[in-house]
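The numbering used here applies: residue 119 is where the sequence shown begins, and numbers increase by one.
Even for Gly, the Cβ is constructed at its ideal location relative to N, Cα and C.
For clarity, every value in this text was computed on a predicted model and none was experimentally measured.
To start, the structure itself, in C-alpha cells.
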Amino acid sequence: MRLDQTRVGSYVVAVHTPLPEAPAQAFLFDHGSRAEPFARRVTRGLYAALICREAANLTLQRDELADFSRFTPGGLSANLCEALVKIGGDEGPGFSLDFTWSADLPVEQATERIRLTSPQLAALDAGAKDLRARLGHTDMTLLGSVVRLHRELPYGPGAVTIAGYFDDRDGRRARRVRMSLDERDYGKAAEAHRRGDEVMVRGDVTAQSGVAGMENIVSFTVRHVSE
Numbered sequence: 119m120r121l122d123q124t125r126v127g128s129y130v131v132a133v134h135t136p137l138p139e140a141p142a143q144a145f146l147f148d149h150g151s152r153a154e155p156f157a158r159r160v161t162r163g164l165y166a167a168l169i170c171r172e173a174a175n176l177t178l179q180r181d182e183l184a185d186f187s188r189f190t191p192g193g194l195s196a197n198l199c200e201a202l203v204k205i206g207g208d209e210g211p212g213f214s215l216d217f218t219w220s221a222d223l224p225v226e227q228a229t230e231r232i233r234l235t236s237p238q239l240a241a242l243d244a245g246a247k248d249l250r251a252r253l254g255h256t257d258m259t260l261l262g263s264v265v266r267l268h269r270e271l272p273y274g275p276g277a278v279t280i281a282g283y284f285d286d287r288d289g290r291r292a293r294r295v296r297m298s299l300d301e302r303d304y305g306k307a308a309e310a311h312r313r314g315d316e317v318m319v320r321g322d323v324t325a326q327s328g329v330a331g332m333e334n335i336v337s338f339t340v341r342h343v344s345e
C-alpha cells in the first residue's frame with residue numbers, strides 16, 4: 119500500500135492499494151470471484167469489516183455493550199476496532215473513510231462513506247476489550263511447567279496442562295492452560311514433566327467458560343533446569 123501526503127485544507131490522508139496490470143471484472147460483494155486480485159479483496163474486505171459501526175450503534179442505542187462477536191464472521195476483529203480508535207485519537211471528534219474504486223476494475227454497487235463519531239469510537243474501544251477477553255489473544259508465549267498429561271493410546275497426540283504465566287502483556291499472572299499437542303511435542307512435554315524442566319509454548323490463547331487454552335501452536339520448547 120502507498121500512503122500519500124496529507125491533502126490541503128484538512129486532515130485528509132489518501133492510501134492507495136495498487137492493482138495488478140491485468141485486472142479482471144469483479145463486483146463489490148461478489149466473494150466467490152476467483153479472478154479478483156488479492157489487493158482488491160483486501161480493500162473490499164476492509165470495507166465489509168466496517169460493519170463494526172453497526173455493533174457500535176447497537177451499543178449506543180441499548181446503552182449496553184453489544185455482542186461484537188456476532189460480527190466477526192464479516193471481518194470485524196479486536197485489531198480493527200483498536201486501529202480505528204487510534205486513528206480517532208484521544209477524545210477526537212471522529213473521522214470518516216471514503217472508498218474510491220479504480221476505473222480499471224469497477225464495482226457495480228455504490229460505496230457509502232463510513233462516518234465514525236467519538237461515541238462510536240468509545241463503543242469500539244469497549245468492544246475490542248470484550249473481544250480480547252472472550253476470544254483470547256494471538257501470538258502469546260507461555261512459560262511454565264507441565265502438570266497434567268493425558269492421551270488415550272501410548273502413542274499419538276494428547277492433551278497437556280501447563281501451569282505458568284504468559285509474557286509481559288499478561289502481567290505474569292499465574293494460570294493453568296490446556297492444549298492439544300501432536301505426538302512429537304507431547305513426547306517433549308512428557309519428558310519435561312519427568313525431569314521437572316520448564317517449557318515455553320507459543321500460540322494463540324483462547325478462553326471458554328473461564329478456562330484458558332492454547333491453539334495454533336507454532337513452537338514448543340523445553341528449557342532444562344540446571345541441577
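Whole-angstrom distance between residue 256 and residue 343, CA atom to CA atom: For this step, residue 343 is matched to residue 225 along the sequence shown. For this step, residue 256 is matched to residue 138 along the sequence shown. For residue 343 and residue 256, the distance between alpha carbons rounds to 28 Å.
So, are the CB atoms of residue 169 and residue 189 less than 7 Å apart? Here the question's residue 169 lines up with position 51 in the sequence shown. Here the question's residue 189 lines up with position 71 in the sequence shown. Cβ atoms of residue 169 and residue 189: closer than 7 Å.
In angstroms, rounded to a whole number, what distance separates the CA positions of residue 351 and residue 183? Residue numbering for the chain in the displayed model covers 119 to 345; residue 351 lies beyond these limits and cannot be assessed.
What is the rounded straight-line gap between the Cα of residue 231 and the Cα of residue 171? The residue labelled residue 231 in the question sits at position 113 within the sequence shown. The residue labelled residue 171 in the question sits at position 53 within the sequence shown. Distance between the alpha carbons of residue 231 and residue 171 is about 12 Å.
Apart from the five residues on each side of it in sequence, which residues of its chain come closer than 7 Å, Cβ to Cβ, to residue 191? By 1-based counting over the sequence shown, the position of residue 191 is 73. Result list for residue 191: empty, nothing under 7 Å.
Taking only three categories from DSSP, how would you classify residue 222? For the purposes of this step, residue 222 is taken as the residue at position 104 of the sequence shown. If DSSP states are grouped into helix, strand and coil, residue 222 belongs with coil.
List the residues that DSSP assigns as beta-bridge partners of residue 321. For this step, residue 321 is matched to residue 203 along the sequence shown. Paired residue(s): 258.
Cβ distance (whole Å) where residue 296 is taken to contact residue 277 below 8 Å: Along the sequence shown, one-based indexing puts residue 296 at 178. Along the sequence shown, one-based indexing puts residue 277 at 159. Their Cβ separation, rounded to whole angstroms, is 7 Å, which keeps residue 296 and residue 277 in contact under 8 Å.
Check residue 311 in the structure and name its three-state DSSP category. Here residue 311 is taken as the residue at index 193 of the sequence shown, counted from 1. Residue state, collapsed to three classes: helix.
Once the 5 residues before and after residue 122 are set aside, which same chain residues still bring their CB inside 6 Å of it? Here residue 122 refers to the residue found at position 4 when the sequence shown is read from its first residue. So the list reads 132, once near-sequence residues are dropped.
Do residue 138 and residue 155 have their beta-carbon atoms positioned less than 7 Å apart in this structure? Numbered from 1 along the sequence shown, position 37 holds the residue referred to as residue 155. Numbered from 1 along the sequence shown, position 20 holds the residue referred to as residue 138. A contact, by the Cβ cut-off of 7 Å.
In angstroms, rounded to a whole number, what distance separates the CA positions of residue 262 and residue 130? Looking up residue 262 in the sequence shown gives position 144. Looking up residue 130 in the sequence shown gives position 12. One C-alpha to the other measures close to 48 Å.
Suppose contacts are defined by Cβ-Cβ distances below 7 Å. Is residue 293 in contact with residue 279 by that definition? On the sequence shown, position 175 is the one that residue 293 refers to. On the sequence shown, position 161 is the one that residue 279 refers to. Going by C-beta atoms, residue 293 is not nearer than 7 Å to residue 279.
Unbroken beta strand (DSSP E) run spanning residue 341, endpoints: Numbered from its first residue, the sequence shown carries residue 341 at position 223. Residues 329-341.
So residue 235 and residue 212 are supposed to be a Cβ contact under 8 Å. How far apart are they, rounded? As a first step, residue 235 is located in the sequence shown; it is residue number 117 there, counting from the start. As a first step, residue 212 is located in the sequence shown; it is residue number 94 there, counting from the start. Indeed they touch by this definition, with Cβ atoms about 4 Å apart.
Nearest CA to the CA of residue 348: which residue from 336, 175 and 318? With the chain running from 119 to 345 in the structure shown, residue 348 is simply not present.
Proximity of residue 264 and residue 239 at Cβ, strictly below 7 Å: As a first step, residue 264 must be located in the sequence shown, where it is residue number 146. As a first step, residue 239 must be located in the sequence shown, where it is residue number 121. For residue 264 and residue 239, no; Cβs fall outside 7 Å.
For residue 206, the three-state DSSP class (helix, strand or coil): As a first step, residue 206 is located in the sequence shown; it is residue number 88 there, counting from the start. Helix at residue 206.
Could you round the C-beta distance between residue 173 and residue 245 to whole angstroms and report it? I think they count as a contact, below 8 Å. As a working mapping, residue 173 is identified with position 55 in the sequence shown. As a working mapping, residue 245 is identified with position 127 in the sequence shown. The Cβ separation is near 6 Å, so the contact holds.
Would residue 260 and residue 319 be called neighbours here (beta carbons separated by less than 7 Å)? Residue 260 sits at position 142 when you count from the first residue of the sequence shown. Residue 319 sits at position 201 when you count from the first residue of the sequence shown. In this structure, residue 319 lies closer than 7 Å to residue 260 by Cβ.
Close beta carbons around residue 149, own chain, < 6 Å, minus the five adjacent residues each side: Within the sequence shown, the letter at position 31 stands for residue 149. Residue placement at residue 149 is flagged as unreliable, the pLDDT there being 48, under the threshold of 50; a coordinate-derived value is accordingly withheld.
Quick one: measure Cβ to Cβ for residue 329 and residue 310, integer angstroms, because I've assumed they're closer than 8 Å. Position 211 of the sequence shown, counted from the start, is the residue given in the question as residue 329. Position 192 of the sequence shown, counted from the start, is the residue given in the question as residue 310. That belief does not hold up - the Cβ atoms of residue 329 and residue 310 are roughly 22 Å apart, past 8 Å.
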